[in-house]
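This report refers to the structure that appears directly beneath it.
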Amino acid sequence: MRAGFSDRETAVHNQGRGADRRADRWPRIRAAAGVWAAVAAGFFGGAAAAAEQILSRQHCVTVWTTDDGLPDNAVMTVARTADGYLWVGTSDCGVARFNGVEFQPIGGKEAHDLPPPRVHRLIRADDGTLWVSFLTGDVGAVRGRTIASDRTGGGDTLSWWLQESLGEHDGNRWFSTNLGDVVRRSGSGDACRWTLMRAPGEGIATLERTVVTGGDRTILGTAGSGAVWRLEGEECRPLPASAYARSSGVDCLATDRAGNVWAGTHRGLAVWDGAAFVPVPEESDPDPDDPQHAIAVMPVSDGGLWVLFAGSLKKYRAGRWEITAGPWDDRLLAAVSPRRHRLYADDRTGGVWIATDGEGLWHVSAGGRIVEVSSDPAFPQAQVECLEVDAEGSLWLGLERRGLARVRPRLFTPPAEQAVGDAAGLAATGHSMCVDTAGAVWLTESGGGLWKTAAGGIERVAGPVGSPAYTSVVAPAAGEGIWLAPQFASVSRQEQGQRRDVLPTSAFGGVARAMHEDRAGRLWIGNEYGLWCWQAGKLFSVGAAAGFSPLDKGSDAESLVPGVDSLADDGAGGMWIGLSRCELRHLDAEGGFTRHRPSWWSPGIRFWSLLSDGEGGVWIGTLGSGLLHFSAGTFRRVTAADGLPDNAVSQVLDDGRGAIWLGTFSGVVRVSQAEIADFFAGRSAGVQCRRFGRAAGLPVAQCSAGQQPYSVRARDGRLWFSTTGGVVVVDPEAIGGDALPPPVVVEEARVLGRDVLAERPLPLALGPRERTVQFRFAGLSLATPELIRYRWRMAGIDQDWIDGGFERTATYNQLPPGRYVFEVDAADGDGRWTGTAVRVPIVIEPMVWETGWFRGLAALAAVAVTVGIALAVIRRRTQRRIDLLERQSAIERERIRIARDLHDDLGASLTEIDLLGALAERGGPTTPEVADRLRSLRGKARETVMSLDEIVWAVDPRNDTLGSLGEYVGSFAQQFFRATTTRCRLAIDPEPRDLPLDSEVRHALFLAFKEAVNNVARHAGAEECRVSLAVTGGELRIEVSDDGCGFDANAAGFVAGEGLRNIRERLAACGGWQRLDSAPGKGTTIALGLLVASRGGRRPFASAVAADTIRGSA
Amino acid sequence: MTTVALVEDDMGVRRSLRSLLASEPGLACTCSCATGEEAVRKIPDAGVDVVVMDIKLPGMSGIECARRLKERCPDVAILMLTVYDETDLIFAALRAGAGGYLLKRAATTELVHAIKDVLDGGAPMTAPVARRVVDYLHETPELPGPRRPAAVQAAGADRLTDRELEILEHLSRGYSNREIADTFGISVATVRSHLRNIYAKLHVRSRTQAALKYRGG
């Protein structure tokens, strides 16, 4: 908000905080904030300020003391730097930095345990550096949050202290000292030197001396007793007498914006032209015997000078004397005192603040009005030690032992009350008001009094009218005066100081809520019982007969009577009627009523206040549904969701300058009509409103809602509002343009309890254990810091802005590793964001196990381990299989070896036995017995060899095939039957040749087969024996059938030989079977069978192992 | 007088066989070798009618020896002695040029008979061997290369005639020579002569295949 001082407002106000809204809405947060503030006080030494707010007539004064975090109540000096911070130098506790809410002590780098030196002055140099001058003679420069010591004074308190900056050039800085000398700082860094150049002049009255620097870098100073010296080189030389030839002795010097040096001389104002002082002529001929002694010259921002003479205060500007300020008070002369330097500050609008020594704080407005601001009883009584007006227009005061004060003008001021004798002032609540045809504003108050504007203020016209507990309603009369309708009394007409009763209110129920006299002279009265019309001495109830129909049935109404909440003239001879059940009615000039309801009708919405918009439409303020506008049959509304600060709108005014002013429950709101039009047309998504609360001077933010109307626009354009804390008046013209939203600063980033922002460079690198960060930030608008809202986000974590409200800290817990940027933005009291956020890039270093390469390696390792395990498992399995196969083949080789060895050794020997036997038979005569025995011997030998042969065949794994079995069976059969009379016929088809057959299986089959052919040879006596072998249908079948005599297997006496049984068992053990088919005379068929297993498409095989699995079925 | 050569590595068996041969009128063992190499050196010059060869010999195998001898002296009849009745070995021996085989254990009683048979043109085959021969000769010979050698194609020297095929079929079914002769109404001598042809074809096929293989076809 721009602090515009109007010419009329000159008193001092205190500034409200706007905290009432917080208190109303967020009591818990406030309490919690209070607790945490108390806890945090220990950390910072400066808690969140809960400063004292003083609201006096024209200003808001906020005072901070040590209770609010100020290090020391004796504030000796204040300065505001370009970055927005306010710096405070205290008497005993050093320098503190103020961001609007908290004080942060600023100390030197080395001085941790020593008490901070006593501060004399803070000086802001032209380049923005803030210099600190201590009472010990030390000089420091503020760098960030520390004070870099620039000169150590050696503890000598009689050393000089810096007073003002005199400019900088050629690498040297020039300062004036408190005693009126000049000191020069040359060099830079550690090699700087401070050189003192003493000014001439005697003694004691050094505090009255002034030293200035002109635009041409000339340094001039007063030496006391009227002399002026000039700095030449390193010496302060008094000026020659020719310099004073025309002006006379100089008391004080000042430099204006343009760099001209002005002198206050014994003969008035003079200007330095480079060689001498040239007096400035007075506007009127001065009396040569009684020249005006100019004792103080105060340049202001508009280029003029306020010159304090011995008996007047005048403004000189642009070559002429513009204004003489008044009313003059001799106490102003106390502005110049030998006890201290002059204290005045340019108020940036052309006026000046003057702090006198012991005679109070005065303000001279740009127009010349002099007001003793500190005379207001609410103003904190104190001597002012320092004062400065900042760029936002706030006046900062260092109060002697009373702390830091900020003075801001009050935009909303109460109307000046004329003296009313014994009676009390205007009551705080319940003010119905209206403007009569003469332009006077009439007010009623709860308690019954009637007030009227007069001569710059308001005066009480009549005492309690009606019941003291209620407020009356007033309405302007068509002629002179007003209508007055107190509750439970009589409606009366007030004109020319007389009041006459017209109508008892009991006639319409005792209470009127709104009144309106139309052009035809009818007085309309509206209340909860309906609409009434008083005409020509008669009161009519306006009902259905007249066109004022009851409410619809089914509209959830307790009664069908439409209760009236508000009446307003529509500017065309008709009247708008706002009902208490969300309905609008219109009475046109001919007397016809129309009714209108919004599409979103709800019975609880009361059309509380009406204002015609001059174009046939009407603004409607509702208590809870925002602002409505009805025109051309359509209702449109603006609510809190669309940007309206509050949905409870109790008063609506048009300021005639394109804005609508609303009295709401959270303050006065100003919206531009163009914005509303844009919103209604859909061109924008919401409305930007400006809300004025306690910070602007409203004693209480809530605007009253009572009888209509509670606000008026006076003839002079000022707007009167009734709040629950009093009546306030605002001049819409005085509300200046919108100031820029405040700059945002991230003050601290706290990790593990330490502030790392000051220690580490950006981007902020946080180690793996520093995962929780708390950011503390501040929007540096010191005018209304409590209204600043913040929003922040962490790019990389948050998608959207987090609206933090008034919170000044943002905490992020357990941030995962990565790169982020923390952004924070601030909005001023009007809700406008700066748009440019402060960015703090941070980098969270990952823990070792979180880094990408570690994870990648771990994943690779996991994969490798898995693969390794799998490979090991496979290898072990393969190894086992290889071992198994090796063992098997070893066993086989062993088998073969055994068999062959057996056969070779034994077989060869047995064959030899046979040969020898044969030879024995041939050679020489032998007895038949011997021949017999020899024959047996040979036979046995051959049999044995044959058995061996068979064993070898069975054992040799190379014969584990069906082909081998088939051939063996065939050749055996052929050979066997050759020695008999039986023919042998073979039908051997061993296909597939390479069908694997286990040794056990083969052997079992062959034995069974051998037994069968033996039986044929022994018992059958057959001529032919057929042997067949084939695989059909998955079964291997060997058949031995003869055409012999056969036998009856079932005959009694047939007992299977043991050998046969064994063979059968052996065969069955392999999963095979044997069947006997015989009948006497029909021959015998012995069939041997074995299922040949085949697994899943692979080659079929038969093995003892497989036989086990099939046995279940056999 | 039939001259017989003996190739047997076992000294005991060789002595016994020599005695046996000596005791048989009409047979005379004029050459006796212990290894295949010795046999290949001595026998072609010895001019014998029959060679009785053990299949298992140290160094050069009996089958290889039989093949070489058959190349050098195509007219000599070779009788293979085998310990086992292994169809594989026997078949290999027949392909190599042997005219018959004899189990060692049956050597005493049947040696003379077998020699006679072999001289006559070929000992009767056992059924499994006959089956093998059928399979071997009845199949179309493999094409060893992109083109079948013209000589073999033209000659068809290893093709079985229908009669030969029938005889082999019967043999594989267990018929004896006499039974075959009775079945076809031919003389046993005719059967024998067919057998001789069959053996010859077997040999030819075997030789041809080997030649082709060595020629790299």
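Sequence lines, in order, name chains P and W. Numbering (my numbering) for the first sequence: 1 to 1114. Numbering (my numbering) for the second sequence: 10001 to 10217. Here a beta-carbon is modelled for each residue, glycine too, at the ideal position from N, C-alpha and C.
ARG985(P) vs GLY10185(W) beta-carbon contact at 8 Å: no
CA nearest to the CA of ARG713(P), picked from LEU308(P), LEU305(P), CYS434(P), PHE1006(P): CYS434(P)
Presumed contact (8 Å Cβ cut-off) between ARG606(P) and THR622(P), rounded CB distance: 6 Å
Residues near PHE10018(W) by beta carbon distance below 8 Å, same chain, minus five either side: Note on identity: in this sequence residue 10018(W) is Arg, with Phe being the wrong assignment. Here the set comprises LEU10006, CYS10029, SER10032.
Contact residues within the region 983 to 1012 of chain P, judged by C-beta distance below 8 Å to chain W: ARG983, CYS984, ARG985, LEU986, ALA987, ILE988
Beta-carbon proximity check, LEU343(P) vs LEU387(P), cutoff 8 Å: yes
Contact with chain W by GLY970(P), beta-carbon distance below 8 Å: yes
Cβ-based neighbour list, PRO299(P), same chain, cut-off 6 Å, excluding 5 preceding and 5 following: ALA254, ASP256, LEU305
Three-state class that DSSP yields for GLY1072(P) in the structure shown: strand
Assigned secondary structure, GLU372(P) (DSSP; H/G/I helix, E/B strand, else coil): strand
Opening and closing residue of the beta strand (DSSP E) in which CYS93(P) lies: Where CYS93(P) is concerned, there is no enclosing beta strand (DSSP E), given that its DSSP letter is neither H nor E.
Opposing strand residues paired with TRP442(P) [DSSP bridges]: CYS434(P), LYS452(P)
Close-in-space but distant-in-sequence residues of the same chain around GLN651(P) (CB under 6 Å, 5 per side omitted): SER609, GLY663, CYS703, TYR710, SER711
Cβ shell of ALA864(P) (< 8 Å), same chain only, five flanking positions each side left out: none
Residue burial classification, GLY140(P) (beta-carbon count within 10 angstroms, cutoff 16): buried
Per DSSP, the bridge partner or partners of TYR10101(W): MET10080(W)
LEU399(P) - containing beta strand (DSSP E), residue span: 395 to 399
TRP720(P) to PRO414(P) span [Cα, whole Å]: 9 Å
Contact under 8 Å by Cβ, VAL687(P) with VAL730(P): no
Beta-carbon contacts of VAL39(P) that lie in its chain and below 8 Å, excluding the five residues immediately before and after: With a pLDDT of only 46 at VAL39(P), under 50, the local geometry of the prediction cannot be trusted, and the value read off the model is given with reservation. None.
4-residue-minimum alpha helix (DSSP H) runs that sit fully inside the region 860 to 935 of chain P, ordered along the chain: 908 to 922
Short Cβ contact (8 Å threshold) for LEU531(P) with ILE577(P): yes
Residues near GLU845(P) in its chain [Cβ-Cβ closer than 8 Å; skip 5 each side]: ALA765, LEU766, GLY767, PRO768, PRO817
Local conformation of LYS1082(P) per DSSP, three classes: coil
Proximity test, Cβ basis, 8 Å: ALA920(P) and chain W: no
Local Cβ density within 10 Å of MET10001(W), reported as buried at 16 or more and exposed below that: exposed
Between the CA atoms of ILE797(P) and PRO841(P) - distance to the nearest angstrom: 13 Å
Exposed unless 16 or more other CB atoms sit within 10 angstroms - verdict on HIS10113(W): exposed
Whole-number beta carbon distance between GLU235(P) and MET197(P), since they are thought to touch under 8 Å: 6 Å
Where ARG2(P) sits in the DSSP three-state scheme: For ARG2(P), the predicted structure reports a pLDDT of 41, less than 50, and the residue's modelled location is therefore unreliable. The matter cannot be settled from this model.
Which listed residue (ASP803(P), MET794(P), GLY804(P)) has its alpha carbon closest to that of ASN1115(P): Nothing about residue 1115(P) can be reported from this structure: the residues present for chain P run from 1 to 1114 only.
Positions along the region 10117 to 10135 of chain W whose CB lies within less than 9 Å of some CB in chain P: THR10126, ALA10127, PRO10128, VAL10129, ARG10131, ARG10132
Short CB-CB distance (under 8 Å) between LYS10104(W) and chain P: yes
Within-8 Å CB hit, ASP10162(W) to chain P: no
Contacts of ARG10018(W) in chain P (Cβ-Cβ under 9 Å): Simply none; closest approach about 11 Å.
Against chain P: residues of the region 10065 to 10094 of chain W by CB proximity under 8 Å: VAL10083, TYR10084, ASP10085, THR10087
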